[in-house]
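Residue numbers (our numbering): 3 to 301. For every residue, glycine included, the Cβ atom is placed at its ideal position computed from N, Cα and C. Below is one structure, written out as structure tokens, with a few remarks after it.
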């Protein structure tokens, strides 16, 4: 019997996961508001549904039994309100749908944004205590998903680190320009994860027969790295002078970070997922993960 999966939100992660699911023989129902993405997924062989993930309009087009369902939405834009719309609203809709169908395993791809600054110390899954509004919204979305009464569904939250991969490595692209200065600070840890390893973590959770009930895992590589060290490594590999970080120019140092947020400095453990689900990242550190992109000419 053909296995079925629903993918709610088909951005960078959802699209890659849909392709892998099709290659593994799954019937894939993909829900997204992005019409261009829908057309691409339709050509690949997905059943596509055009809908806002926080609405319930897609429920009637995703009925029956599913082996796997994944909510991997990203922000709808518009600052914090976009986060609330996608993550909180999206999980309200996801949970309502789970109560209408039969699903073997449900997964919500969350974020390590739920962890506070620890001064560079290690944090684990039990340390979620966000100290900014964005992290609080994401933790609220986690609780909606994890604490919902869907007793027949095994539920898992995967907290993803900083995502990079094919066609998504902006810091490397900036480093190719050999900047003399970089606004912000570089002395805080980045906890990174490459796209392919996110997909493999999802399949590891799906296949883990020992994983019952409710669970939470971090999905990051094995080697947290100071942003300063990553940028210097890029410069060395590209044969450029190492740039200087200039904190006074932009303390927040990221267009994706909201007003009032500063970079969080913490190292995130991935050992729980390894131990429980026998997962190992293919790209153990930034060096393995970025090496293939260094050879690219067009970025």
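Taking the alpha-carbon positions, what's the residue i to residue j distance?
i           : j           : result
residue 52  : residue 60  : 8 Å
residue 87  : residue 13  : 16 Å
residue 123 : residue 269 : 6 Å
residue 24  : residue 210 : 20 Å
residue 169 : residue 30  : 24 Å
residue 105 : residue 161 : 21 Å
residue 27  : residue 187 : 46 Å
residue 290 : residue 19  : 21 Å
residue 293 : residue 103 : 43 Å
residue 159 : residue 142 : 13 Å
residue 149 : residue 119 : 26 Å
residue 5   : residue 135 : 38 Å
residue 151 : residue 114 : 25 Å
residue 139 : residue 181 : 35 Å
residue 35  : residue 85  : 15 Å
residue 220 : residue 164 : 11 Å
residue 283 : residue 204 : 12 Å
From the DSSP output, in three-state form, read off residue i for me.
i           : result
residue 284 : coil
residue 231 : helix
residue 73  : strand
residue 247 : strand
residue 49  : strand
residue 131 : coil
residue 183 : strand
residue 219 : strand
residue 7   : strand
residue 12  : coil
residue 18  : helix
residue 279 : helix
residue 162 : strand
residue 64  : coil
residue 122 : coil
residue 108 : strand
residue 177 : helix
residue 297 : coil
residue 102 : coil
residue 268 : coil
residue 210 : coil
According to the neighbour-count rule (16 or more other Cβ atoms, all chains shown, within 10 Å of its Cβ), is residue i buried or exposed?
i           : result
residue 74  : buried
residue 240 : exposed
residue 286 : exposed
residue 245 : buried
residue 256 : Note that residue 256 scores a pLDDT of 47, beneath 50, so its modelled location is shaky; the value from the coordinates is reported in the next line. Classification for residue 256: exposed.
residue 179 : exposed
residue 215 : exposed
residue 267 : buried
residue 100 : buried
residue 45  : exposed
residue 249 : exposed
residue 127 : buried
residue 107 : buried
residue 63  : exposed
residue 197 : buried
Using only alpha-carbon positions, find the residue among the options that is nearest to residue i.
i           : options            : result
residue 272 : 289, 243, 212, 199 : 199
residue 11  : 217, 243, 92, 172  : 92
residue 1   : 234, 170, 155      : Because the chain here runs from 3 to 301, residue 1 falls outside it and cannot be looked at.
residue 192 : 223, 183, 204      : 223
residue 175 : 186, 47, 236, 116  : 236
residue 157 : 282, 212, 166, 163 : 212
residue 57  : 39, 72, 79, 95     : 95
residue 202 : 276, 100, 290, 54  : 276
residue 54  : 9, 108, 264        : 9
residue 66  : 34, 7, 146         : 7
residue 77  : 137, 183, 217      : 137
residue 69  : 89, 3, 50          : 3
Bridge partners of residue i, per DSSP?
i           : result
residue 191 : 228
residue 32  : 9, 50
residue 167 : 170
residue 136 : Bridge partners of residue 136: none, in fact.
residue 113 : 162
residue 157 : 108, 216
residue 196 : 166
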